Each structure stands twice: as C-alpha cells, then as structure tokens.
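K.L.:
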Amino acid sequence: MAEDDKKDQQASSGKEAGTLMNRRDLLQGLATVPVLGLFGYALNKQIGYEKAQQEAVASPAAPAAGLSEINVALLGTGAQGEVLLSSMLKIPGLRFRAVCDIWAEYNQKRTVNLLSKYKFDVKGYEDYQEMLSQEKNLDAVVIATPDFWHAQHAIDCLKAGLHVYCEKEMSNTVEGARRMVLAARETGKLLQIGHQRRSHPRYIHCYEKIIKDARMLGRMVTVNGQWNRAVKPDLGAPQRYVIPEDRLKKYGFKSMAQFRNWRWYKGLGGGPIVDLGSHQIDIYNWFLESQPQFVVASGGTDYYDPATHEWYDTVMAVYEYETKAGRVRAYYQTQTTNGSQGYFENFMGDQGTLIISESEAAARGVIYRDVSAPAWDQWIQKGYVSTPRVLGPKPEGGEASLDVRESVSPDEHRIPITFRDPYHKPHLENFFNAIRGTAKLNCPAEVGYETAVTVLKVNEAVDANKRLSFTKDEFSV
Amino acid sequence: MEKERFSRLQMTALVILRVMIGWHFLYEGVAKLMKPGWSAAGFLLQSRGPFADLFRGIAANSDVLAVVNNLNKWGLTCIGLGLILGCFTRFASASGMFVLGVYYLCNPLLIGYFYSIPMEGSYLIVNKNLVELAALFVILVTQSGQYVGLDRILHVWFQRLRR
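Chains A and B supply the protein sequences, listed in that same order. Quick note on our numbering: the first sequence kicks off at 1 and runs consecutively. Quick note on our numbering: the second sequence kicks off at 1001 and runs consecutively.
1. Taking only beta carbons into account, state which residues of the region 1018-1033 of chain B come closer than 7 Å to chain A, listed in chain order.
2. At what residues does the beta strand (DSSP E) containing A/C479 begin and finish?
3. Would you say B/S1116 faces chain A, with C-beta separation under 8 Å as the test?
4. Hey, A/L182 and A/V453 are a contact pair by Cβ (cut 8 Å); roughly how many whole angstroms apart?
5. Tell me which residues share the same chain as A/S86 and place their Cβ nearer than 7 Å to its Cβ, disregarding the 5 neighbours each side in the sequence.
6. Assuming contact is defined by CB atoms lying nearer than 8 Å, are A/G349 and A/G225 in contact in what I supplied?
7. If you follow the alpha helix (DSSP H) that A/Y481 is part of, which residue opens it and which one closes it?
8. What residues of chain E sit near A/D421, judged by a beta carbon separation below 7 Å?
9. Assuming A/L67 contacts A/G93 (C-beta within less than 8 Å), just tell me the rounded distance between them.
10. Pairing CB atoms from the region 1016-1027 of chain B with CB atoms from the region 1084-1093 of chain B, are three or more of them under 8 Å?
11. Give a yes or no on contact between the region 458-465 of chain A and the region 185-194 of chain A, applying the rule of three or more CB pairs nearer than 8 Å.
12. Using a Cβ distance threshold of 8 Å, determine whether the region 106-121 of chain A contacts the region 132-148 of chain A, with at least three qualifying pairs required.
13. Applying a beta-carbon distance threshold of less than 7 Å, which residues of chain B neighbour A/V33?
14. Return the CA-CA distance between B/N1107 and B/S1144, expressed in angstroms with no decimal places.
15. Please report whether the beta-carbon of A/G18 lies at a distance below 8 Å from any beta-carbon of chain B.
16. Can you pull the chain A residues whose beta carbon is under 8 Å from the beta carbon of B/V1148, in chain order?
17. List the residues of chain A that B/R1152 touches, going by C-beta distances under 7 Å, in chain order.
18. Suppose you measure from the CA of A/S409 to the CA of A/G365; what does that come to, to the nearest Å?
19. Taking the alpha helix (DSSP H) that A/H424 falls in, what are its first and last residues?
20. Using a Cβ cut-off of 8 Å (strictly closer), state whether B/V1067 contacts chain A.
21. Mind checking if B/V998 is an interface residue toward chain A, Cβ cutoff 8 Å exclusive?
22. Are the beta-carbon atoms belonging to A/S434 and A/L441 less than 8 Å from one another?
23. Which chain A residues sit within Cβ distance under 7 Å of B/V1156?
24. Are at least three pairs of beta-carbons, each pair with one atom in the region 1134-1150 of chain B and one in the region 21-37 of chain A, less than 8 Å apart?
25. Roughly how many whole angstroms lie between the Cα atoms of A/I281 and A/Y332?
26. Please determine, among A/F431, A/E167, A/T222, A/W103, the residue with the shortest C-alpha to C-alpha distance to A/Y319.
27. Give a yes or no on contact between the region 200-207 of chain A and the region 1004-1014 of chain B, applying the rule of three or more CB pairs nearer than 8 Å.
28. When you compare only the Cα positions, how much space is there between B/L1071 and B/A1059?
29. For A/F39, which residues in chain B fall below 8 Å Cβ to Cβ?
30. When the cut-off is 8 Å and only beta carbons count, does A/L67 lie next to chain B?
31. Between which two residues does the alpha helix (DSSP H) holding A/I70 run?
32. Answer yes or no: does any C-beta atom of chain A fall closer than 8 Å to that of B/L1161?
33. Give the single residue among A/G37, A/T111, A/A361, A/K324 whose Cα lies nearest to the Cα of A/A79.
34. Ordered along the chain, which non-local residues of its own chain (more than five positions away) have a Cβ less than 6 Å from that of B/H1155?
35. Go ahead and label A/I47 buried or exposed: buried means 16 or more other beta carbons lie within 10 angstroms of its beta carbon, across all protein chains shown.
36. State the Cα-Cα distance for the pair A/M316 and A/S278, rounded to the nearest angstrom.
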C-alpha cells in the first residue's frame, strides 16, 4: 500500500459516522475510468476507418426509392434456376409471378414454396405455353432450362412480349442461337445471355482498366485457361418423385436418368466444354477483343461410361486469334476427372501476366509484372493494381544461385477488387436495369452468339480430328 | 498478506502497467466480439507440442468449441475491463495469467520443437505471451487496484460494512 494510505486509515477511523468515503478514495478509485473513455474513442475511430475502407470497394447500395417493379417469371427451376433465384432474391424491385418447371412434384413445388416464404404468391406451371397465355402481367422471364430448349423457350417468350434472360449456353446448336438473335431483333425485346462474368466487377476492372486503358500486359501472345473438376457421380432422383415416362418423352427426354444428366447427351447439351468452357472462352473473346480464326481440339470420353456420357469428359483445345496487336494462341482444357487448380484464365503478354478467376476461394486476381517491363507506379497510384509483393529467389543456405536458363521471378500485384455477392447477381442486376433503361446489356444476344459459335466448334473439331477454321461472317447474324 | 511499502511513483508505474495490459486484453476481446463468426478453431488447429492433441480435440468438438469461443470473447473483454478499471484486480490478473498460459501451451517454444510457422522475432522458450504472463503476476501480487482503481472504492465499502 502507498505511504499516504496510512494517513488515510488514521483519518478514516475518525470519521465513521460521517461520509462513506473521503474524496481521495473516490478520486483514486475512479482515476482509471477515463481510460475506458479513451478506449471507446479509439475503437470508434478504428471502426469508422474500417467502414470507410469497405465502402470504397463495395458495390453501391440498393438503388433509390421509386424503383419500378418488374414482374418476373422463372422458366426452369432446377439446379441453375435455384442459383439464379437466390441471387434475384437479393435484388430489390422484382416481383415474382410464375414458376414453370416440368418436374412439378419436385423442382417446381420447391421453388413455389420458397417464394411463398418470401411472400411472393406465385403460380406453378408445367407447360410454359400455358404460363405465357395465362399470365398477363409479366415483364421478364429468366430461362434456366436445358440447352436444347433455350431457342424455343427464348423465342416464344420474346414473341410474347417479354424480356428474356437466358442461361448459357445460348443454344446447343448454332442454328438455334441464330434464331434467338433474329427473334430478339424482330421483337425489339432485350435478350441477355447468362455469361455472368461479363458483369463481374473484377473482370470489368481487368478489362477496362488493365487491358484496355493501361495495356499493362503489353502485347498478349498466349492465353491459358482451364476448368478442372473432380470425379462426380451421375445425378440421381428420389424414387417417389420420378417423372412419368410420357411426360419425359413429351419434353424430349428418354428416361429419368437422361433428364437428370442431360448435359452429357448429344442433342440435349454440349458436354463439359460447353457447360464449363463457354464461360471462359467467352472471356477469351472479350479480353482479346477479337474472334478466333482456327481451332484444333482433342478430346474423348476417356473415363466415364460412354453409354451415359455421350459427350467428351476431357477436351483440350487450341484457338488461334489474329488480334489487332498480333497473333494470339489460346489454350483451353476441361476435365471432369481431377480438380487440381480449379478454374481460371491466364492471359500472358510480353510485359505482364494476369491470372483471374470468378472463384473467390481460389483467391485469384493476380497480375505479375515482368522484370523487363516499365514500372507500374502510376497504375498503383491510380488503384488499378495493389502494391507489389516481391518474389525474389530465396537462396537456401546462402549458396544457391539461379540457373541462367530460368527467368527471374516477377513482382506479384493483386487486383484490388473483392466481391462478396452471389456470382450471378451483377449480371441479373444488369439485365433488370437494362429493362428499366438505366443500363446497357453486358451480354446481349449478338455477343452470346459469337461465344456460341466459338465454343460449339470445339466439339466439331474433336470429331473432325483436324484444324478447323472460322470465317469472319460466321460470328455475325 | 504482507503490506509492501511502495512509493507513489512505484505504484503509479504499476497502475500504468496494469492499464496497458488491460487495454490489450480489452481490445483483443472486443475485436473478437465485433468480428461475426470468429472462432478459436484456427488457432487451436495450429497447435503444436505436447498438448496438440488436446487443443485439436477441442477444435473438433463443436459443443466444447462453442463454449471456448464464448469464454475467449467475453473472458478477454472482462479481464481487460477489470484490469483497466482496477476492479476485482486479483481475479482479473489470475484469469489473465491462466489465459496467457493456455495460449502459450498451445504453441510452446520448448527446446527441440521447431515449427514451420514463421514467427515474428526470434524466441527461445520465452515469447511475448510469457512476458505478459509474468507482468500480470506482478500486478496480481501488488494490489494496484486498491491504490488506483474501483477496488479502492469496494475495499472502503467493504470495510465500512464490516464495522
């Protein structure tokens, strides 16, 4: 105890009947309370600072009040339809009116129930024609049915006066895609194809700022991309919800197994190269600002049972582009037997390398500056890329020296865009904003058509077993 | 308890030490409270050394983990408050020592244990956790709460009540 407390004790014994404690006790007792005040102040400042940082990178908040409500119907509510719906439920200003799916007992019912939980009183249909004729109040329809139905569904909906968001692939045939473009033109309605990376903030940042504006990669010469996925068993169906044969046949399916695994069947889907590859090959066309001239491909059903997997489970394709800057060779592979390194696109130029992916988990979004490239200081200042993390050679035991044949490791910069929303939300928002007239479609039918032509040719190339060529006219309708 | 005689300067130094450690604990606790979904699992799973299995076992068992998470979040905050305000100082210091001891044992720097986790600074057995633990020991035995802190008020009230 401190010396002066002795004085306290002597003093306090003399004033029992008086005050409970003297002023010294109170003051010294509460002397550290202001520290809490200081703590609170510092904490507050810290929180404010962190919030400001987050807002700087976050997407803008919900649009202002007075948003016109859009009446939406869902056509196809299987796995992808569910994904789109969960994004749409986070978009303000939408009113769901109808749900159509041929699997009435399962997919359709589940979606109707889910929407009623969100206070949308929707009607469920099995036949989309019935929906189009009975629902008088629709503005837009979101189509997530199997590829071979896209053309018919989209065209009929456009002709019925609705704006259409159609999942990728645009169609499983070039002819179907062509008819969709023509229908959109004729009716004057909007048709957005679901290549959602076209609205993804990170991709837009990379294209607009890094490639178009700053040309940070220099001259792009090669591209590499992949979608590797591990082995997955075929999709089954719960016994008591099996669709009766006649209904399956009416809608073009030979069996329940085929209905659940349509992506693997010729005439229904296009296999992994179309399911998975079309997203990324679309990015190739976008970032290279051109269409390919040649493609050569190798593929086959190397692993799965060809009876239930008519399309190729492994495809490796090489495209050749003649861009404004020069020739570019772009490699793409997809496999469904191993998932190493997941999915990404890698654009390589003489001054830099860009590795980008939609996946947040892979933490993609890095760009490397080649040592011979000019400094990127001004782009760092402008916030195009982060400050670099230097990856030098690490000498082991201080004795190691690099082999002269190896290139010196380049500096690694991050792309400073974090994205925490569901992947499809920006693209759907773009579609609905275009309906309201406040935005332009990021992937209108013409662009989707270019991608469809580019991608569908790969399957042809695998069959033909030789280099196929594209003509300029092939890409326009 | 012996009553050590310290000068005012010495007691002031002890109070400042106590408040510093308290601030550290308080912010650790508050930061965890503010982070939604914070879990000790990450730290526990990185455990090495003789008690690794015990800590990993805690991380694996979700019921125990939930309790541990809450103890961490609220415990750190309360210890911090206690130390800053000088309130139940001895209890707060003892708990703080226990907490730091547990954190140390999760990754003890014992001779012969080499970890691949890069650490800040170079340590041999003694690291910052142990230093803070020793500092709390000083706080524990010097009753600075009764000099400057709510304990002084409580002490006075308690004395009054006893009479």
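Glycine is no exception: its CB is placed at the ideal position from the N, C-alpha and C atoms. Owing to the predicted nature of the structure, the values given are computational and were not obtained by experimental measurement.
P.N.:
Taking the definition as stated:
1. V1019, W1023, L1026, V1030
2. Look at the range of chain A in this structure, 1 to 477, and you will see that residue 479 of chain A is not part of it.
3. To locate residue 1116 of chain B, count along the second sequence from 1; it is residue 116. Annotation note: pLDDT 46 at B/S1116 (below 50); position unreliable, coordinate value reported separately. No, its Cβ sits nowhere closer than 8 Å to a Cβ of chain A.
4. Locating residue 182 of chain A in the first sequence gives position 182, where the first residue counts as 1. Locating residue 453 of chain A in the first sequence gives position 453, where the first residue counts as 1. That pair is no contact at about 15 Å.
5. As a first step, residue 86 of chain A is located in the first sequence; it is residue number 86 there, counting from the start. Closer than 7 Å at Cβ, skipping near neighbours: P422.
6. Numbered from its first residue, the first sequence carries residue 349 of chain A at position 349. Numbered from its first residue, the first sequence carries residue 225 of chain A at position 225. In this structure, A/G225 does not lie closer than 8 Å to A/G349 by Cβ.
7. Outside the modelled stretch of chain A, which goes from 1 to 477, sits residue 481 of chain A, for which no answer is possible.
8. The structure shown has no chain E; the protein chains it does contain are A and B.
9. Along the first sequence, read from residue 1 onward, the residue named residue 67 of chain A stands at position 67. Along the first sequence, read from residue 1 onward, the residue named residue 93 of chain A stands at position 93. Contact flag correct, Cβ pair sits at about 4 Å.
10. yes
11. no
12. no
13. Numbered from 1 along the first sequence, position 33 holds the residue referred to as residue 33 of chain A. Residues of chain B passing the Cβ test: L1085.
14. Here the question's residue 1107 of chain B lines up with position 107 in the second sequence. Here the question's residue 1144 of chain B lines up with position 144 in the second sequence. Computed Cα separation, rounded: 31 Å.
15. In the first sequence, the residue the question calls residue 18 of chain A occupies position 18. Confidence in A/G18 is poor, its pLDDT being 47 and thus under 50, which makes the residue's placement unreliable; the coordinate value appears in the next sentence. So no, A/G18 is outside the interface.
16. Here residue 1148 of chain B is taken as the residue at index 148 of the second sequence, counted from 1. Chain A residues near B/V1148: Q28, G29, A31, T32.
17. Position 152 of the second sequence, counted from the first residue, corresponds to residue 1152 of chain B. The contacting residues are D25, Q28, G29.
18. In the first sequence, the residue the question calls residue 409 of chain A occupies position 409. In the first sequence, the residue the question calls residue 365 of chain A occupies position 365. Cα to Cα, the separation comes out at about 18 Å.
19. Stepping through the first sequence from its first residue, residue 424 of chain A is reached at position 424. Taken as a continuous stretch (DSSP letters only), A/H424 belongs to no alpha helix (DSSP H), as it is neither H nor E.
20. Walking along the second sequence from the start, residue 1067 of chain B turns up at place 67. No, its Cβ sits nowhere closer than 8 Å to a Cβ of chain A.
21. The shown model of chain B, from 1001 to 1163, leaves out residue 998 of chain B, and the question about it has no answer.
22. Within the first sequence, residue 434 of chain A is the residue found at index 434, counting from 1. Within the first sequence, residue 441 of chain A is the residue found at index 441, counting from 1. Ser is not the amino acid found at residue 434 of chain A; the sequence shown has Ala there. In this structure, A/L441 lies closer than 8 Å to A/A434 by Cβ.
23. Along the second sequence, one-based indexing puts residue 1156 of chain B at 156. Result: M21, D25.
24. yes
25. As a first step, residue 281 of chain A is located in the first sequence; it is residue number 281 there, counting from the start. As a first step, residue 332 of chain A is located in the first sequence; it is residue number 332 there, counting from the start. So the two alpha carbons sit approximately 8 Å from each other.
26. Your numbering for residue 319 of chain A matches position 319 in the first sequence. That would be A/T222, whose Cα lies nearest to the Cα of A/Y319.
27. no
28. For the purposes of this step, residue 1071 of chain B is taken as residue 71 along the second sequence, with counting starting at 1. For the purposes of this step, residue 1059 of chain B is taken as residue 59 along the second sequence, with counting starting at 1. Computed Cα separation, rounded: 14 Å.
29. Taking the first residue of the first sequence as 1, we reach residue 39 of chain A at position 39. Residues of chain B passing the Cβ test: W1023, L1026, Y1027, I1084.
30. Against the first sequence, residue 67 of chain A aligns to sequence position 67. No, because no Cβ of chain B sits closer than 8 Å to the Cβ of A/L67.
31. Here residue 70 of chain A corresponds to residue number 70 of the first sequence, with the count starting at 1. Segment 70-75 is the beta strand (DSSP E) holding A/I70; no alpha helix (DSSP H) there.
32. Locating residue 1161 of chain B in the second sequence gives position 161, where the first residue counts as 1. No, because no Cβ of chain A sits closer than 8 Å to the Cβ of B/L1161.
33. Stepping through the first sequence from its first residue, residue 79 of chain A is reached at position 79. Checking every option, the nearest Cα to that of A/A79 belongs to A/T111.
34. Against the second sequence, residue 1155 of chain B aligns to sequence position 155. Closer than 6 Å at the Cβ level, and outside the excluded window around B/H1155, lie Q1146.
35. For the purposes of this step, residue 47 of chain A is identified with residue 47 of the first sequence, where counting begins at 1. Answer is exposed; the Cβ neighbour count stays below 16.
36. Residue 316 of chain A sits at position 316 when you count from the first residue of the first sequence. Residue 278 of chain A sits at position 278 when you count from the first residue of the first sequence. Near 13 Å, if we compare the C-alpha coordinates of A/S278 and A/M316.
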